[in-house]
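These notes are about the structure you will find just below.
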Amino acid sequence: MEFTQLSDLKKIVDQQAVKKRIVLCSAADEHALEAIKNAYEKGIITPVLVAKKEDLLACAKNLNFDLTDIECHFERDLPAIIKKSISMVTAQKADILMKGKLSTAELLSGVLNKEWGLKTRKFLSHYAIFEIPEYHKLLGITDVAFNIAPGLKEKVAIVKNAVDFSKRIGVVNPKIAAVAAVEMVNEKMSATTDAALLSIMQRRGQIKDCLIDGPLSFDNAISFESKKSKGLEGPVAGDADIILVPNIEAGNMLYKSFVFFANAKLCGIVLGAPFPIVLTSRADSKDTKYNSILLASAASNE
Numbered sequence: 001m002e003f004t005q006l007s008d009l010k011k012i013v014d015q016q017a018v019k020k021r022i023v024l025c026s027a028a029d030e031h032a033l034e035a036i037k038n039a040y041e042k043g044i045i046t047p048v049l050v051a052k053k054e055d056l057l058a059c060a061k062n063l064n065f066d067l068t069d070i071e072c073h074f075e076r077d078l079p080a081i082i083k084k085s086i087s088m089v090t091a092q093k094a095d096i097l098m099k100g101k102l103s104t105a106e107l108l109s110g111v112l113n114k115e116w117g118l119k120t121r122k123f124l125s126h127y128a129i130f131e132i133p134e135y136h137k138l139l140g141i142t143d144v145a146f147n148i149a150p151g152l153k154e155k156v157a158i159v160k161n162a163v164d165f166s167k168r169i170g171v172v173n174p175k176i177a178a179v180a181a182v183e184m185v186n187e188k189m190s191a192t193t194d195a196a197l198l199s200i201m202q203r204r205g206q207i208k209d210c211l212i213d214g215p216l217s218f219d220n221a222i223s224f225e226s227k228k229s230k231g232l233e234g235p236v237a238g239d240a241d242i243i244l245v246p247n248i249e250a251g252n253m254l255y256k257s258f259v260f261f262a263n264a265k266l267c268g269i270v271l272g273a274p275f276p277i278v279l280t281s282r283a284d285s286k287d288t289k290y291n292s293i294l295l296a297s298a299a300s301n302e
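Residue numbers for the sequence shown, in UniProt numbering: 1 to 302.
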């Protein structure tokens, strides 16, 4: 299956027998609650709201969000809110966790809490998908938000998270471009040596269910013309499904370049936990927030 638009993800969600339950942790945040309201009204999810009662009721009133039929859990303070929210998803009483009015660090600290969070340590990574007008299909990028300077071991884990997600939405053997500044291995540039090793590991079966090529410069990864001019061969160059960036700086700049220069639509989630995690920010557009919830619903597909 190949997707060309983010709206294609709704086809997966529409096929699910039951709407996914999404817990909004510290739900008294107008930006996050508005995104939940939008997705709920479009029939995408079943919301579960956890917050201080007075704060949530005031926030919902400002948004004209009728909570009569919405499952709400009222807690006394933020630590109790975090514990309640995460306990619900770890106990499989909900499918998706979403950040509300708290910091990313506070939420993830709760996710990794040994008492009521994840029972085993998981490698988390961020995965973003872009709908770019000039590209012929959706393009994934990882990791642009969590792992600052991943080494080879971490990059293997990042790839595996992305491949596992791809399976869940029906993308078979995604083409992964491990990008660097150049397409030739240079021992002074770790991005090129890591990319080459990842490519070899995939070919020898150490990394499964995908195709990896690298190092590839970014133009080689997404342009058939560039691929041809460089005399490159193989199925990944010019047709990448996923861009594996060498570090957070490269990923962040690529991410923002797509948004501000290429008018790209996007969504993003955190992978690696048994449940998808939605981290939206105040700077995200309404469409980005909705698409991220849509992506999380698709990612929780079984």
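Built from N, CA and C at the ideal position, the CB exists for glycine as well.
Values in this document were obtained by computation on a predicted structure and should not be read as measured data.
Check	Outcome
Can you check the segment 134-189 for any beta strand (DSSP E) of at least 3 residues that lies completely inside it and give the ranges in chain order?	139-142 and 175-179
So the alpha helix (DSSP H) E41 belongs to, where does it begin and stop?	E30 to E41
Can you tell which of S190, V179 and P246 has the C-alpha that lies nearest to the C-alpha of S217?	V179
Less than 8 Å separating the beta-carbons of K155 and D209?	no
State the Cα-Cα distance for the pair R21 and P47, rounded to the nearest angstrom.	6 Å
Run the CB neighbour count on I28, radius 10 Å, all protein chains shown included, and call it buried at 16 or more, exposed below.	Note that residue 28 corresponds to Ala in the displayed sequence, not to Ile. Looking at its Cβ environment, which holds 16 or more other Cβ atoms inside 10 Å, A28 is buried.
Quick check on the DSSP output: what are the complete alpha helix (DSSP H) runs of length 4 or more inside the segment 83-122, in order along the chain?	104-111
Does the distance from the C-beta atom of I293 to that of I44 stay below 8 Å?	yes
What residue range does the beta strand (DSSP E) around C72 cover?	E71 to F74
For the alpha helix (DSSP H) that contains L56, what are its first and last residues?	K53 to N62
Entirely within the segment 237-286 and at least 3 residues each: give me those beta strand (DSSP E) ranges in chain order.	242-244 and 265-271
Which stretch, first to last residue, makes up the alpha helix (DSSP H) that contains K230?	Unbroken run through K230: none, as it is neither H nor E.
Only counting the same chain, and skipping five residues up and downstream in sequence, which positions put a Cβ closer than 8 Å to that of K10?	I44 and L294
Would you kindly check if the distance between the Cβ of G238 and the Cβ of K227 is under 8 Å?	yes
Quick check: the segment 272-280 against the segment 134-141, are there 3 or more CB pairs under 8 Å?	no
Over the uninterrupted alpha helix (DSSP H) stretch that includes V18, give me the two end residues.	Per DSSP, V18 belongs to no alpha helix (DSSP H) and is neither H nor E.
Relative to the C-alpha of V19, which residue among T104, K42 and N252 is closest?	Residue identity differs from the one stated: residue 19 is Lys in this sequence, not Val. The residue with the shortest Cα to Cα distance from K19 is K42.
Just mark G110 as buried or exposed, buried being the case when its beta carbon has 16 or more other beta carbons within 10 Å.	buried
Taking A60 as the reference, which of F224, L33, F74 and N38 has the closest Cα?	L33
For A128, report the span of its beta strand (DSSP E) as first-last.	S125 to E131
Could you tell me whether the Cβ atoms of K175 and D95 are closer together than 8 Å?	no
So, for H31: in the same chain, excluding its five sequence neighbours on each side, which residues have a beta-carbon less than 6 Å away from its beta-carbon?	R282
Tell me which residues share the same chain as N62 and place their Cβ nearer than 8 Å to its Cβ, disregarding the 5 neighbours each side in the sequence.	E30
Assuming E183 contacts K230 (C-beta within less than 8 Å), just tell me the rounded distance between them.	7 Å
Specify the secondary structure class of I44 as computed by DSSP and reduced to three states.	coil
May I ask which residues mark the beginning and end of the beta strand (DSSP E) holding D213?	L211 to L216
Confirm, please, whether the CB-CB distance from I12 to I148 is below 8 Å.	no
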